[in-house]
Amino acid sequence: KAYVRRFPKCPLIPVFVDSEIISESQSQDGSTLVTERRCVIDIDAPRLLKRIAGVDYLYFIQKNTLNRRDRTLHIEVHNETFSSRVIVRECCNYTVSPTTPWEFLFPCCCTCFIISVRQS
Numbered sequence: 012k013a014y015v016r017r018f019p020k021c022p023l024i025p026v027f028v029d030s031e032i033i034s035e036s037q038s039q040d041g042s043t044l045v046t047e048r049r050c051v052i053d054i055d056a057p058r059l060l061k062r063i064a065g066v067d068y069l070y071f072i073q074k075n076t077l078n079r080r081d082r083t084l085h086i087e088v089h090n091e092t093f094s095s096r097v098i099v100r101e102c103c104n105y106t107v108s109p110t111t112p113w114e115f116l117f118p119c120c121c122t123c124f125i126i127s128v129r130q131s
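Written as structure tokens, this is what we have:
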């Protein structure tokens, strides 16, 4: 529940500007919920740099798979902004700790692949 409270926006996370649900589906038994969102974050950069890059905000797609039965949350993120020049993928899995059920583990990985730095 705490994770979901940050959507569509959260005043405690000022760089997170907005989000909208693109799709949402739930398993028949209600144990699994898959939510796909388009999110907007503010770039922490000087105004001149933003003008050179031609963007004020970064847009990305986030797909969350909440499995209530297994008590896991799987998050996959990829960028929309600059996607023809840079591919950014992030993956994070939240799971309940096997030794202490009030704590959770969250291994993350992120990849960045630069396709081109030139503008056409």
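For what it's worth, my numbering labels the leading residue of the sequence shown as 12, then goes sequentially. The beta-carbon is built from N, C-alpha and C at its ideal position, and this holds for glycine as well. Fair warning: this is a prediction, and the values are worked out from it, not measured in the lab.
Range covered by the alpha helix (DSSP H) that runs through residue i
i   : result
L23 : Unbroken run through L23: none, as it is neither H nor E.
I63 : 58–64
Counted within 10 angstroms of its Cβ, other Cβ atoms place residue i as buried (16 or more) or exposed
i   : result
L77 : buried
L23 : exposed
V26 : exposed
L84 : buried
Rounded Cβ spacing between residue i and residue j (contact assumed at less than 8 Å)
i    : j    : result
E101 : S108 : Going by Cβ atoms, the distance from E101 to S108 rounds to 22 Å, so no, they are not a contact pair.
V45  : E35  : 7 Å
Closest Cα partner of residue i within the set the options
i    : options               : result
L59  : D53, D67, T43         : D67
R49  : K61, V28, Q73         : Q73
P112 : S94, D81, E31, K61    : D81
S42  : R96, S127, R79, T106  : R79
F124 : D40, A64, S94         : S94
Q37  : N104, N75, Y105       : N75
I126 : T110, R96, C119, C120 : R96
7 Å CB neighbourhood of residue i in its chain, flanking five on each side removed
i   : result
D53 : V26, V28, Y68
Same chain, Cβ closer than 8 Å to residue i, neighbours up to 5 away in sequence not counted
i    : result
H89  : F71, I72, I98, V99, R100, E101
I33  : E47, R48, R49, I72
F117 : C103, N104, Y105, T106
Extent of the continuous beta strand (DSSP E) run through residue i
i   : result
S34 : 27–37
I72 : 68–78
Contact set for residue i: own chain, Cβ-Cβ below 6 Å, skip 5 residues either direction
i    : result
T122 : R100
E87  : K74, C102
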